[in-house]
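*Asks:*
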Amino acid sequence: MTTYGNPDFASVKVIPLTDFGDAEHLQANAGTIMRLALEAAGAHAGPAVLEVPYGTYHFYPEHADKAAYSITNTASEEENPDVTRTIALLMKGQRRLTLEGNGSLFVIHGKQTMLLLDNCEDIEIRNLRFDYARPTVTEMTVERIGEKELDVQVHPDSQYKLEDGRLTWVGEGWTFRGGPVQHCDIDANRTWRVDDWPSRAKRIEETGSRRLRFHFGDNAIPDVRPGITVQMRDGIRDQVGVLIAGCRRVRLTELGIHFMHGLGVVGQFSEDLTFSSLELAPRRETGRTVAGFADFIHLSGCRGLVSITDSKFAGAHDDAINVHGTYLRMVDQPAPNQVKVRFMHPQTYGFQAYFPGDEVAFVSADSLASYAAGRIAAVESLNPREFLLTLEQPAPTLLGEQDVLENLTWTPEIVIERNHFARIPTRGILVTSPRKTTIRDNRFESIHMSGILVSADANSWYESGAVTDLLITGNVFDLSGGAEFPILRIAPENEHSTGEMPVHRNIRIEDNRFKVSQAPLLSARSTEGLVFRRNDILLEQMGQESTAEPDAGGLVRFENCSGVEMADNRFRYQKQ
Numbered sequence: 287m288t289t290y291g292n293p294d295f296a297s298v299k300v301i302p303l304t305d306f307g308d309a310e311h312l313q314a315n316a317g318t319i320m321r322l323a324l325e326a327a328g329a330h331a332g333p334a335v336l337e338v339p340y341g342t343y344h345f346y347p348e349h350a351d352k353a354a355y356s357i358t359n360t361a362s363e364e365e366n367p368d369v370t371r372t373i374a375l376l377m378k379g380q381r382r383l384t385l386e387g388n389g390s391l392f393v394i395h396g397k398q399t400m401l402l403l404d405n406c407e408d409i410e411i412r413n414l415r416f417d418y419a420r421p422t423v424t425e426m427t428v429e430r431i432g433e434k435e436l437d438v439q440v441h442p443d444s445q446y447k448l449e450d451g452r453l454t455w456v457g458e459g460w461t462f463r464g465g466p467v468q469h470c471d472i473d474a475n476r477t478w479r480v481d482d483w484p485s486r487a488k489r490i491e492e493t494g495s496r497r498l499r500f501h502f503g504d505n506a507i508p509d510v511r512p513g514i515t516v517q518m519r520d521g522i523r524d525q526v527g528v529l530i531a532g533c534r535r536v537r538l539t540e541l542g543i544h545f546m547h548g549l550g551v552v553g554q555f556s557e558d559l560t561f562s563s564l565e566l567a568p569r570r571e572t573g574r575t576v577a578g579f580a581d582f583i584h585l586s587g588c589r590g591l592v593s594i595t596d597s598k599f600a601g602a603h604d605d606a607i608n609v610h611g612t613y614l615r616m617v618d619q620p621a622p623n624q625v626k627v628r629f630m631h632p633q634t635y636g637f638q639a640y641f642p643g644d645e646v647a648f649v650s651a652d653s654l655a656s657y658a659a660g661r662i663a664a665v666e667s668l669n670p671r672e673f674l675l676t677l678e679q680p681a682p683t684l685l686g687e688q689d690v691l692e693n694l695t696w697t698p699e700i701v702i703e704r705n706h707f708a709r710i711p712t713r714g715i716l717v718t719s720p721r722k723t724t725i726r727d728n729r730f731e732s733i734h735m736s737g738i739l740v741s742a743d744a745n746s747w748y749e750s751g752a753v754t755d756l757l758i759t760g761n762v763f764d765l766s767g768g769a770e771f772p773i774l775r776i777a778p779e780n781e782h783s784t785g786e787m788p789v790h791r792n793i794r795i796e797d798n799r800f801k802v803s804q805a806p807l808l809s810a811r812s813t814e815g816l817v818f819r820r821n822d823i824l825l826e827q828m829g830q831e832s833t834a835e836p837d838a839g840g841l842v843r844f845e846n847c848s849g850v851e852m853a854d855n856r857f858r859y860q861k862q
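Counted from 1, the sequence shown has number 491 at position 205 by the numbering used here; the numbering is strictly sequential.
(1) Hey, would you say Ala805 sits closer than 7 Å to Gly768, going by beta carbons?
(2) Helix, strand or coil for Glu540 per DSSP?
(3) Please report the straight-line C-alpha distance between Ile607 and Ile715, rounded to a whole angstrom.
(4) Among residues of its own chain, excluding the 5 on either side of Leu303, which ones have a beta-carbon nearer than 8 Å to its beta-carbon?
(5) Just to check my reading of the structure: Ser586 and Asn359 have Cβ atoms closer than 8 Å, yes? What is that Cβ distance to the nearest angstrom?
(6) Taking Val789 and Ala752 to be in contact with their CB atoms under 8 Å, please state how far apart those CB atoms are, rounded to whole angstroms.
(7) Would you kindly work out how many angstroms separate the C-alpha atoms of Asp520 and Tyr346, rounded to a whole number?
(8) Under the rule that 16 or more other beta-carbon atoms within 10 Å means buried, what is Glu666, buried or exposed?
(9) Give me the Cβ distance between Ile819 and Asn855, rounded to the nearest whole Å; I'm assuming they're in contact under 8 Å.
(10) Is the beta carbon of Pro772 less than 7 Å from the beta carbon of Ser809?
(11) Going by alpha carbons, who is nearest to Ala664 out of Phe673, Ala658, Ser656 and Tyr657?
(12) Between Gly459, Phe579 and Arg463, which lies nearest to Leu453 when the distance is taken from Cα to Cα?
(13) How is the alpha helix (DSSP H) around Ala309 delimited, first residue to last?
(14) Which first and last residues belong to the beta strand (DSSP E) in which Met546 is found?
(15) Look at the alpha carbon of His547 and the alpha carbon of Leu403, and state the distance between them as a whole number of angstroms.
(16) Can you name the residues that DSSP bridges to Asn669?
(17) Over what stretch of residues does the beta strand (DSSP E) that includes Gln445 continue unbroken?
(18) I need the DSSP call for Thr718, collapsed to helix, strand or coil.
(19) Scan the stretch 307 to 392 and note each continuous beta strand (DSSP E) run of 3 residues or more that stays entirely inside, going in chain order.
(20) Measuring straight from C-alpha to C-alpha, what distance separates Ala374 and Ile411?
(21) For Asp652, report the span of its beta strand (DSSP E) as first-last.
(22) In this structure, what does DSSP give as the bridge partners for Cys470?
(23) Flag this pair as yes or no: are the beta carbons of Asn475 and Ser766 separated by less than 7 Å?
(24) Would you kindly work out how many angstroms separate the C-alpha atoms of Thr723 and Ser593, rounded to a whole number?
(25) Taking all protein chains shown into account, do 16 or more other C-beta atoms lie within 10 angstroms of the C-beta of Phe905, making it buried, or fewer, making it exposed?
(26) What residues in its chain sit with their C-beta under 6 Å from that of Leu564, if we drop five residues either side in the sequence?
(27) DSSP three-state call for Trp696: helix, strand or coil?
(28) Cβ of Ala602 within 7 Å of Cβ of Gly578?
(29) Considering only residues of the same chain and omitting the five flanking positions on each side of Val440, which have a CB-CB separation below 6 Å?
(30) Are the stretch 411 to 421 and the stretch 384 to 397 touching, with three or more C-beta to C-beta distances below 8 Å?
(31) Going by alpha carbons, who is nearest to Phe730 out of Ala639, Ser562, Tyr343 and Gly760?
(32) Does the distance from the C-beta atom of Ile522 to that of Ala350 stay below 7 Å?
(33) Taking the straight line between their C-alpha atoms, what separation do you get for Ile530 and Leu376?
(34) Using the DSSP secondary-structure output, state which residues sit across from Gln554 in a beta bridge.
(35) Determine whether the beta carbon atoms of Trp483 and Arg589 lie at a separation below 7 Å.
(36) What would DSSP say about Arg570, mapped onto helix, strand or coil?
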């Protein structure tokens, strides 16, 4: 059970789910029964364990909670005007609760947020598996390529209908035609984004049970080969997999999360989050290749310690892990000690981003340099996108027209250790926190873009902030990146960049192993105190042994960096 608060065993109340119905009733009406059990746990003053007997439990939208939650990096007002979420398991205001799944499988029907924790403390969710009955990412595998047509076999979990030679994907309460498309080479454990070529087909016909033929006529045949799995979805993130909002000390451990619709596991303005021994990948017995509609773990505006360890990430449609804050633009200064700030990215708005007592930094949008600090005395929400902040002291007298405010209080220390990343179409890890960050002993396998990206920007996603203490050590990077995507990329999006005004500082890349084919090894800009040492680099497609350091125009690239140290690295070359 959870050890938060070190409760005495005798004081822990065990609540068997079987108290609320027999096995058949439980498994068919899991949503209703779980709500009753959680209410009973919430009524207990001390620590409790909600015990779920091993089995398969089905959660249907008609039994779910409905509640409005604005969630970072999901959908704009135009894309999804109604932020009401359909919630299979809602924990609100729970304290000192362990949900023990005993290896059970929770099957989600329709489109739902599988688990939502709101204002909870000292929670552990463990020994559970979550999956969708009908995943919202469909799959079909190419069987044959002809001169002007190709044949595919549709996965049994993907339903469809054909009308007038057009393909519509059909799920439980949802349909779509076109949208984002990915290819997956399961043998190479790789996945990557492609154009929506199925929508280019002139005509589609059914040639057998779950077999389709795409006719392209004069249109070009897509660049695909037999054996490739084609993954399709719509583009709207109207739910998430898990939301942890306004919580403290939450632990997810020994979980199998085998499909998530929308953004994945989202932590938002929460403190001390632990993710341990997770399997974010399809269940092997399903034969599916995808487990995530977007990111796997996405944490915004969190603080305390974020720990992600001993987990498997395979089969996403976006980044595996993204940890960041949010810059809000300063759009007005009604008084010397007041600033009005605004959420700028269309898909991020509606939640409280500042609290009284928070420390903030005034940041130049042009250089991303911080030029002043302050503390918030009062917060007034003006509308879903804007806040009026009253400061304890006057704001700087000269605010840039597009300058932004960073919340320094809500930034975490980060530990990411002993994880395995594969079949990721974008980046393995994105981190931008000013506090200590350690990325250690992970394996990055064939990540299509950069294995690790350190960014920060005040003009696109508005994801903050400046890194000051990052250690990347003991990791294995196996054929990740590409010609346009360095394996390690430090790329703040500052328009005005000089060596005298760095964005990031104190980044150490030590004792890692790289297997490199076509990708640049390291690209960095606007960084001070960058160390790259004692790394082992195996370079493919070269025919001689060498210990020479690469030149800056080859494997490593630096722009407006200072205090760079490269030492004691070993470069080995092998032919493929």
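Beta carbons are placed, not taken as given, at the ideal position from N, Cα and C, and that holds for glycine.
*Replies:* Concretely, from the data shown:
(1) The residue labelled residue 805 in the question sits at position 519 within the sequence shown. The residue labelled residue 768 in the question sits at position 482 within the sequence shown. In contact: Ala805 and Gly768 (Cβ atoms closer than 7 Å).
(2) Against the sequence shown, residue 540 aligns to sequence position 254. The three-state reading of DSSP puts Glu540 in strand, counting E and B together.
(3) On the sequence shown, residue 607 is found 321 positions in, with the first residue counted as 1. On the sequence shown, residue 715 is found 429 positions in, with the first residue counted as 1. Those two C-alpha atoms are separated by around 5 Å.
(4) For the purposes of this step, residue 303 is taken as the residue at position 17 of the sequence shown. Correct list, in chain order: Leu312, Ile319, Met320, Ala323, Leu336, Glu337, Val338 and Pro339.
(5) What you label residue 586 is simply residue 300 of the sequence shown in a count that begins at 1. What you label residue 359 is simply residue 73 of the sequence shown in a count that begins at 1. Yes, Ser586 and Asn359 are in contact; Cβ-Cβ is about 7 Å, under 8 Å.
(6) Translated into positions along the sequence shown, residue 789 becomes position 503. Translated into positions along the sequence shown, residue 752 becomes position 466. Contact between Val789 and Ala752 holds: CB atoms are separated by about 5 Å, below the 8 Å threshold.
(7) Position 234 of the sequence shown, counted from the first residue, corresponds to residue 520. Position 60 of the sequence shown, counted from the first residue, corresponds to residue 346. One C-alpha to the other measures close to 21 Å.
(8) Counting from 1 along the sequence shown, the entry for residue 666 is found at position 380. Around the beta carbon of Glu666, fewer than 16 other beta carbons sit within 10 angstroms, so the residue counts as exposed.
(9) On the sequence shown, position 533 is the one that residue 819 refers to. On the sequence shown, position 569 is the one that residue 855 refers to. Checking the displayed sequence, the identity of residue 819 turns out to be Arg instead of Ile. Right, their Cβ atoms sit about 6 Å apart.
(10) Indexing the sequence shown from 1 puts residue 772 at position 486. Indexing the sequence shown from 1 puts residue 809 at position 523. Pairing Pro772 with Ser809 gives a Cβ-Cβ distance under 7 Å.
(11) As a first step, residue 664 is located in the sequence shown; it is residue number 378 there, counting from the start. Measuring from the Cα of Ala664, the nearest candidate turns out to be Phe673.
(12) Start at 1 with the first residue of the sequence shown, and residue 453 comes out as number 167. Closest option to Leu453, Cα to Cα, is Arg463.
(13) Your numbering for residue 309 matches position 23 in the sequence shown. Unbroken alpha helix (DSSP H) run through Ala309: Ala309 to Ala314.
(14) Within the sequence shown, the letter at position 260 stands for residue 546. Counting along the chain, no beta strand (DSSP E) covers Met546, and no H or E run does either.
(15) As a working note, residue 547 is residue 261 in the sequence shown. As a working note, residue 403 is residue 117 in the sequence shown. Whole-angstrom Cα-Cα distance: 17 Å.
(16) For this step, residue 669 is matched to residue 383 along the sequence shown. Glu672, per the DSSP bridge assignment.
(17) Mapped onto the sequence shown, residue 445 falls at position 159. Per DSSP, the unbroken beta strand (DSSP E) holding Gln445 starts and ends at Gln445 to Glu449.
(18) Here residue 718 corresponds to residue number 432 of the sequence shown, with the count starting at 1. Here Thr718 sits in coil by DSSP.
(19) With a minimum length of 3 residues, the continuous beta strand (DSSP E) runs that stay inside the stretch 307 to 392 are 334 to 337, 342 to 345, 351 to 354 and 370 to 378.
(20) Translated into positions along the sequence shown, residue 374 becomes position 88. Translated into positions along the sequence shown, residue 411 becomes position 125. Ile411 has its alpha-carbon roughly 15 Å from the corresponding atom of Ala374.
(21) To locate residue 652, count along the sequence shown from 1; it is residue 366. Premise fails: Asp652 is in no beta strand (DSSP E) and is neither H nor E.
(22) Within the sequence shown, numbered from 1, the residue matching residue 470 stands at position 184. DSSP lists Thr477 and Thr515 as partners of Cys470.
(23) Taking the first residue of the sequence shown as 1, we reach residue 475 at position 189. Taking the first residue of the sequence shown as 1, we reach residue 766 at position 480. With contacts defined by Cβ atoms closer than 7 Å, Asn475 and Ser766 do not form a contacting pair.
(24) Locating residue 723 in the sequence shown gives position 437, where the first residue counts as 1. Locating residue 593 in the sequence shown gives position 307, where the first residue counts as 1. Roughly 10 Å separates the two Cα atoms.
(25) Outside the shown range of the chain, which is 287 to 862, sits residue 905, and nothing can be said about it.
(26) Taking the sequence shown and counting its residues from 1, one reaches residue 564 at position 278. So the qualifying residues of the chain are Leu541 and Ser597.
(27) For the purposes of this step, residue 696 is taken as residue 410 along the sequence shown, with counting starting at 1. DSSP places Trp696 in coil when its eight states are reduced to three.
(28) In the sequence shown, counting from the first residue as 1, residue 602 sits at position 316. In the sequence shown, counting from the first residue as 1, residue 578 sits at position 292. In this structure, Ala602 sits near Gly578, with a CB-CB distance shorter than 7 Å.
(29) Taking the first residue of the sequence shown as position 1, residue 440 is located at position 154. Correct list, in chain order: Met426 and Arg496.
(30) The answer is yes - the stretch 384 to 397 touches the stretch 411 to 421, with three or more Cβ pairs under 8 Å.
(31) In the sequence shown, residue 730 corresponds to position 444, counting from 1. In terms of Cα proximity to Phe730, the closest of Ala639, Ser562, Tyr343 and Gly760 is Gly760.
(32) Along the sequence shown, one-based indexing puts residue 522 at 236. Along the sequence shown, one-based indexing puts residue 350 at 64. Taking a C-beta distance under 7 Å as the contact criterion, Ile522 and Ala350 do not qualify as a contact pair.
(33) As a first step, residue 530 is located in the sequence shown; it is residue number 244 there, counting from the start. As a first step, residue 376 is located in the sequence shown; it is residue number 90 there, counting from the start. Their Cα atoms are separated by approximately 10 Å.
(34) For the purposes of this step, residue 554 is taken as the residue at position 268 of the sequence shown. Paired residues: Ala531 and Ser586.
(35) Against the sequence shown, residue 483 aligns to sequence position 197. Against the sequence shown, residue 589 aligns to sequence position 303. The answer is no: Cβ separation not under 7 Å.
(36) Sequence index remark: in the sequence shown, residue 570 carries index 284 (1-based). DSSP places Arg570 within a helical segment (H, G or I) once states are collapsed to three.
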